[in-house]
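Structure first, commentary second.
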Amino acid sequence: MKVTKEDLQNVAVLSRLAIAEEQEEKYLGQLDKILTYMDNLSALDTKDVKPTTYALPMQNVFREDVVKESLDREAALANAPLKEDGYFKVPKVLED
Amino acid sequence: MKYEAVIGLEIHCELKTNTKIFCGCATTFGADQNTHVCPVCLGMPGVLPTINKRVVEFGIKAGLATNCEINKYSKFDRKNYYYPDLPKNWQTSQYDLPIAEHGWVDIDVEGKRKRIRLTRIHMEEDAGKLVHSGTTIKDSSSSNVDYNRTGVPLLEIVSEPDMSSAEEARAYMEKIKSIMEYIDVSNCRMEEGNLRADINVSLRPVGSKELGTRTEMKNINSFKNLEDAINYEIERQEEVLEDGGHIVQETRTFDPARGITLSMRSKENAHDYRYMPEPDLPPIVTSEETIEKYRSELPELPDARRARLESEYGLSDYDAGIITSSRAMAEYFDAVIAEGADPKLAANWIMGDLSKELNAAGIDISQSPVDAKRLGEMIQLIMKDTISGKIAKKVFKEMLTNPDSPEKIVKDKGLVQITDTKAIEGIVDEVIANNQKAVDDYKGGNKKAIGALVGQVMKASKGKANPQMVNKLLAEKLN
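Just so you know, the sequences run in chain order A and B. FYI, the numbering for the first sequence is 3 to 98, going by the working numbering. FYI, the numbering for the second sequence is 13 to 491, going by the working numbering.
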């Protein structure tokens, strides 16, 4: 197994996913298969290959520093589940 | 055991661009909540961010001005974390290929120069602001978020842990502020949060090479808080170590009202940012020509300007350091000199009376009620013996509220110095006649007694007699 239960739980916490205990085995198996499949890549000799940081043949795509119209506030807040006084309203986020 | 502190700073510097780093929303401070937002900075699906060219220019210039190497191949990365001030759930930042690396700046503390190394400078977006409802933070059940600041461009300037006291950390932050002002990439208004520091502090036994466990204090936005937080933290860590305890690596919050730091008890594994290359932003490739072009656009920097004021005008290292610490003051000084004022007199007036008045009024030198031209003219009046240094203080006070030229003020108030020998002679004779005791003392060998006589003449002339002439005449008449 490439992935331990702790790895799975940690990744789940970081991704804000709730994984029920009875599902853990299933996901562990799936993750293991994915990682094993990725191992195929190590068959390639990449000694002289630079790491890819960007997949497309593009660079230096810039915009000028010119102000454009922002969204109307009503439109900006239109999809917010909760709002208050022109703010996005979210559950309390401070840690105790 | 004797401990020494090891301190490193991460300074976040908000750039003075017109627009945000990846979209065309305005960066103006103080706008109504959520009015400077668009689908890009709100992190809506399907949008395409585009890099603001000026942010890259500012990043390169900041790197050059702090002796960094510029990475000719630089890219953005996603730093993943969940907090509602980040609508995308990641901050677009730079990880392994920041725009600039391996720089340094020099600081002066207690007459000693010290070099502080810079690890790196990277570009990133600022986060939004949380406004807590409820009467206190603890009992608020929800938070409100304003995303106007989300996407405002920042440079994060990371130092090596090269500082060992609060004074050094302050001097370093002042130097960074000064450089960013000089190269005109940030307004550096600390009260608006343009410049904020995260501080890392650890202790180790004096002489040890090993680093101790560090704590971090985030978002310190004034020089006073910076010093207070560091001093408190050094003391706290010392106590813990002295009692045989060990320092917990953690983020602590500084409470300015109580002057103490408090543990934030954040979760152990909270810092797994899972950086990944930003697939929506192509890399930034900078040519040698572009770098040299930006280098040629840099103004004279604080250290160079300081050295010039010393060699060109004979100012002391200390005075030159103060004058050049802010670009506005250095430019004011140059403008006073351009009026024909003596450089040393100009430095003294700027650092003395002018700074005192500005500090008392809480305003910046750029808003000074006495502009450089008028101060230059006033200093010229001193140089021409039209007024004495003492009278000049009165003239200066008047100039703070009276927009007239110093020459007119001097005339209107009848403050012109008496340089007419006859007129002064009359007063001198009178004073000699009325102060027999001082005269006898002087003649009896107490040369200091002449001071009292000079004082009497100055008083009788209402301060308008030229002091050098008074001294000369008195000496002539008494010898």
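The C-beta atom is built at its ideal place from N, Cα and C for all residues, glycine as well.
Can you name the residues that DSSP bridges to residue i?
| i | result |
| --- | --- |
| Tyr-56(A) | For Tyr-56(A), which the question treats as bridged, DSSP gives no partner whatsoever. |
| Cys-25(B) | Leu-167(B) and Leu-207(B) |
| Ile-133(B) | Ala-112(B) and Ile-169(B) |
| Asn-212(B) | Gly-20(B) and Glu-228(B) |
| Pro-289(B) | Asp-89(B) |
| Gln-103(B) | Lys-91(B) |
| Val-121(B) | Lys-124(B) |
| Asp-90(A) | The residue asked about is misnamed: residue 90(A) is Phe in this sequence, not Asp. DSSP output for Phe-90(A) lists Lys-85(A) and Val-157(B) as bridge partner(s). |
| Ala-477(B) | Ile-430(B) |
| Pro-217(B) | Tyr-15(B) |
| Arg-65(A) | Asn-64(B) |
Can you tell me which of the three DSSP states residue i falls into?
| i | result |
| --- | --- |
| Phe-41(B) | coil |
| Ala-78(A) | helix |
| Gln-11(A) | helix |
| Pro-61(B) | coil |
| Asp-97(B) | coil |
| Gly-364(B) | helix |
| Glu-71(A) | coil |
| Leu-7(B) | Only positions 13 to 491 of chain B appear in this structure, which leaves residue 7(B) out of reach. |
| Thr-433(B) | helix |
| Phe-345(B) | helix |
| Met-411(B) | helix |
| Thr-31(B) | strand |
| Thr-162(B) | coil |
| Asp-98(A) | Note that Asp-98(A) has pLDDT 40, beneath the 50 cutoff, so the model's placement of it is unreliable and the number below is only indicative. Asp-98(A) falls in the coil class under three-state DSSP. |
| Glu-179(B) | helix |
| Lys-141(B) | strand |
| Ile-296(B) | strand |
| Thr-336(B) | helix |
| Arg-264(B) | strand |
| Ile-403(B) | helix |
| Ile-82(B) | strand |
| Ile-375(B) | coil |
| Met-56(B) | coil |
| Thr-302(B) | helix |
| Pro-355(B) | helix |
| Ser-198(B) | coil |
Report buried or exposed for residue i, applying the criterion of at least 16 other Cβ atoms within 10 angstroms of its Cβ.
| i | result |
| --- | --- |
| Lys-476(B) | buried |
| Ala-373(B) | exposed |
| Ile-169(B) | buried |
| Gly-257(B) | exposed |
| Val-260(B) | exposed |
| Arg-264(B) | buried |
| Leu-43(A) | exposed |
| Val-469(B) | buried |
| Ser-473(B) | buried |
| Gly-352(B) | exposed |
| Gln-32(A) | exposed |
| Ala-45(A) | exposed |
| Lys-73(B) | buried |
| Glu-24(A) | exposed |
| Asn-446(B) | exposed |
| Asn-46(B) | buried |
| Asn-371(B) | exposed |
Mind checking if residue i is an interface residue toward chain C, Cβ cutoff 9 Å exclusive?
| i | result |
| --- | --- |
| Ser-155(B) | This model lacks chain C altogether; the protein chains it does include are A and B. |
Ordered along the chain, which non-local residues of its own chain (more than five positions away) have a Cβ less than 6 Å from that of residue i?
| i | result |
| --- | --- |
| Gly-115(B) | Thr-78, Asn-79, Cys-80 and Leu-130 |
| Asp-453(B) | Ala-461 |
| Lys-84(B) | Thr-298 |
| Gly-205(B) | Asn-233 |
Cutting at 8 Å between CB atoms, please list the residues of its own chain near residue i, excluding the five before and the five after it.
| i | result |
| --- | --- |
| Tyr-29(A) | Leu-10 and Ile-21 |
| Val-466(B) | Pro-479, Val-482, Asn-483 and Leu-486 |
| Arg-182(B) | Phe-235, Leu-238 and Glu-239 |
| Glu-437(B) | Leu-485 |
For residue i, which residues in the same chain have their Cβ closer than 7 Å to its Cβ, ignoring the five residues on either side in sequence?
| i | result |
| --- | --- |
| Pro-418(B) | Arg-386, Glu-389, Met-390, Leu-393, Val-407 and Met-411 |
| Pro-51(B) | Val-59 |
| Thr-398(B) | Val-422, Val-428 and Gln-429 |
| Met-311(B) | Looking at the sequence provided, one finds Pro at residue 311(B) rather than Met. If we look at Pro-311(B) and ignore the five residues flanking it on each side, its Cβ neighbours are Tyr-194 and Ile-195. |
| Arg-307(B) | Leu-76 |
Of all the residues that make up the stretch 48-68 of chain A, which are near chain B by a beta-carbon distance shorter than 8 Å? Thr-55, Tyr-56, Ala-57, Leu-58, Met-60, Gln-61, Asn-62, Val-63, Phe-64, Arg-65, Glu-66, Asp-67 and Val-68
Cβ-based contacts, 7 Å cut-off: residues of the stretch 70-85 of chain A near chain B: Lys-70, Ser-72, Leu-73, Arg-75, Ala-78 and Leu-79
Given a limit of 8 Å on CB to CB distance, which residues of the stretch 218-243 of chain B reach chain A? none
Scan the stretch 50-62 of chain B for residues whose Cβ lies nearer than 9 Å to a Cβ of chain A and list them as they occur along the chain. Cys-50, Pro-51, Cys-53, Leu-54, Met-56 and Thr-62
Under 8 Å, CB to CB, which of the residues in the stretch 22-51 of chain B have a partner in chain A? Thr-29, Asn-30, Thr-31, Cys-35, Gly-36, Cys-37, Ala-38, Asp-44, Gln-45, Asn-46, Thr-47, His-48, Val-49, Cys-50 and Pro-51
Along the stretch 89-105 of chain B, where does the CB come closer than 7 Å to a CB of chain A? Name the residues. Tyr-94, Tyr-95 and Pro-96
With 8 Å as the limit, tell me which residues of the stretch 286-300 of chain B have their beta carbon closer than that to any beta carbon of chain A; keep them in chain order. Arg-286, Pro-289, Pro-291, Leu-293, Pro-294, Pro-295, Ile-296 and Val-297
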